[in-house]
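These notes are about the structure you will find just below.
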Amino acid sequence: MGLGEGYEVYVTSDKYNPLVKRREVELTIVHIGQPTPMRWFLRQAIAQLYKADMKNVYVRRLKTEYGLSVTRVEAHIYDDFNRALSFEPAHIICRNITPEELEQEPFKTIYETICLRKK
């Protein structure tokens with residue numbers, strides 16, 4: 242996977258969930274001397290690796306181990322965008338919206354209705 246120089250990526254788990262129609266992927270990224278990769282950058286790289294549309298890829302968890310340059314990533318790749326909206330929690334969808342996507346529909350509407358709602 243092409244994250245750039247200084248990053249090594251290992252796929253630790255790759256399962257397809259036929260009930261939800263998504264691929265559940267776990268990755269380990271070794272980034273000695275490099276910062277933890279940003280969520281949008283990981284979405285883009287995972288979409289390229291699995292030949293999926295970026296709007297169907299959602300990074301659920303990034304966990305960098307203290308003192309180590311190792312990050313564990315959990316991501317879901319959906320077959321269909323509407324399935325992603327049905328199954329992914331609102332806070333995960335909000336975390337994964339990029340600035341470029343904010344200017345496009347349906348992400349603009351999703352951001353305004355879900356992410357900016359008052360508690």
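Residue 242 is where the sequence shown starts when you use the numbering used here, and the numbers rise one by one after that.
Quick reminder that beta carbons are idealized off the backbone N, C-alpha and C, glycines included.
Values in this document were obtained by computation on a predicted structure and should not be read as measured data.
Using a threshold of 8 Å, state whether the C-beta atoms of R280 and I318 are closer than that.
For R280 and I318, no; Cβs fall outside 8 Å.
Can you round the beta-carbon distance between E267 and E315 to whole angstroms, since I take them to be within the 8 Å contact cut?
Yes, E267 and E315 are in contact; Cβ-Cβ is about 5 Å, under 8 Å.
Apart from the five residues on each side of it in sequence, which residues of its chain come closer than 7 Å, Cβ to Cβ, to M295?
These residues qualify, in order along the chain: R284, Q285, A288.
Cβ-heavy atom distance between A286 and the ligand NAD below 7 Å?
Of ligands this structure carries none, so the ligand NAD is not represented either.
When burial is assigned at 16 or more other CB atoms within 10 Å of the CB, is H272 buried or exposed?
So H272 ends up on the buried side.
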